[in-house]
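Heads up, the thing below is written out as structure tokens.
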Amino acid sequence: MLRALIAFLLSFYAAFLHSEEVTINIVGAEFPPYYTKHSDNHGIIGEVIQKSLENTDFKPRFKIKPFARALIEAKSGKADIIAGLYKTTEREQFFHYTDAIINAKIVLYTLTSNPIKTHNLNDLISKRIGMIRHSSTHEDLSNNLNITEVNSYQQGLDMLLREHLDFMVGNELVIQHLLNGSRYSNQAQNIKYIPPEISQENTFIATSRNSLYEAKLFKQLNQGIEALKQSGKLQKIIQNNLKNLSTSKNQP
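Using mature numbering (1 follows the signal peptide of the UniProt record, and there is no 0), the letters of the sequence shown map in sequence onto residues -19 to -1, 1 to 233.
Dropping the structure here:
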């Protein structure tokens, strides 16, 4: 009888431990509409993470960091997930990538006073070009170009407006969101997009290979994303966030 009671208590305790909620750390840069602190759902990527994990034991805790810092923390396992990442061979050593969430256009911006109407990267060798520190675009394009690393798109746009940069390279949706915001309400007309686009990149959610929960977390996250895709909810999340992007004028 005593053995049976002990066995029951042990099994109950094991079940309790198994079902205990685990807080996981999500890091990413302030890249609206992908990931942002200025929205209750934390942007497209934040909402996808929340919806994908809502019926699991994982409770996401969202943090905003400069991209280079977020990448370091996620590589080391200090953070469990990095919210929004392009895929490179080097990064695959440190991360497991979910299915692609959204496709991104990487484009070039300059001042409207610049007479250039189109570009060939080979013609920009002598120009000062801003790129996000440690971004995959930086890794792909840095050869022979005069690159100035910036910590954020906001910093890059500010430097462009002060003519400390000739061009700024970045994600079209993120830069457009910033230009629609109140910070640039009187200056957005001074910045223009220069075709053609430099590249298109799929945006992923990535789990750290050094996370304590990596195997289970990646499996449940990817299953959740697949369920969102199959139900059509993923597309609705993207559309709703992009709608907010086109109508919002009060973000920094």
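All residues carry an ideal CB built from backbone N, CA and C; glycine is no exception.
Give me, in chain order, the residues of the same chain whose beta-carbon lies closer than 6 angstroms to that of Lys40; leave out the 5 immediate sequence neighbours on both sides.
On the sequence shown, position 59 is the one that residue 40 refers to. The answer, listed in chain order, is Glu2 and Thr4.
Once DSSP output is grouped into helix, strand and coil, what is the label at Ala51?
On the sequence shown, residue 51 is found 70 positions in, with the first residue counted as 1. Helix.
On the CB-based measure, 16 or more other CB atoms within 10 Å of its CB, does Glu11 come out buried or exposed?
Mapped onto the sequence shown, residue 11 falls at position 30. Glu11 should be labelled buried.
Give me the Cα-Cα distance between Ile218 and Glu28, rounded to the nearest whole angstrom.
If you number the sequence shown from 1, residue 218 lands on position 237. If you number the sequence shown from 1, residue 28 lands on position 47. Going by the C-alpha atoms only, they are around 7 angstroms apart.
Quick one: is Gly213 buried, meaning 16 or more other Cβ sit within 10 Å of its Cβ, or exposed?
Here residue 213 refers to the residue found at position 232 when the sequence shown is read from its first residue. That one is exposed.
Whose CA, out of Ala81, Glu73, Asp61 and Thr93, lies closest to the CA of Gln170?
Locating residue 170 in the sequence shown gives position 189, where the first residue counts as 1. The shortest C-alpha separation from Gln170 is found at Thr93.
Assuming residue 234 and Glu207 make a contact with CB atoms under 8 angstroms, what is their CB distance in whole Å?
Given that the chain is displayed from residue -19 to residue 233, the structure contains no residue 234 and the question cannot be resolved.
Taking three-plus beta-carbon pairs below 8 angstroms as touching, is the segment 190 to 198 in contact with the segment 49 to 63?
They touch, by the three-pair rule.
At 3 residues or longer, what runs of the beta strand (DSSP E) sit wholly inside the segment 13 to 45?
Complete beta strand (DSSP E) runs here, min 3: 39 to 45.
What are the partner residues of Ile63, as DSSP defines its beta bridges?
Within the sequence shown, residue 63 is the residue found at index 82, counting from 1. In the DSSP output, where bridge partners are listed per residue, Ile63 has Val8 and Ala187.
Pull up the CB-CB distance for Tyr67 and Ser117, whole angstroms please, since I reckon it's below 8 angstroms.
Residue 67 sits at position 86 when you count from the first residue of the sequence shown. Residue 117 sits at position 136 when you count from the first residue of the sequence shown. Indeed they touch by this definition, with Cβ atoms about 4 angstroms apart.
Please state whether the Cβ-Cβ distance between Arg109 and Leu160 is less than 7 angstroms.
On the sequence shown, position 128 is the one that residue 109 refers to. On the sequence shown, position 179 is the one that residue 160 refers to. For Arg109 and Leu160, no; Cβs fall outside 7 angstroms.
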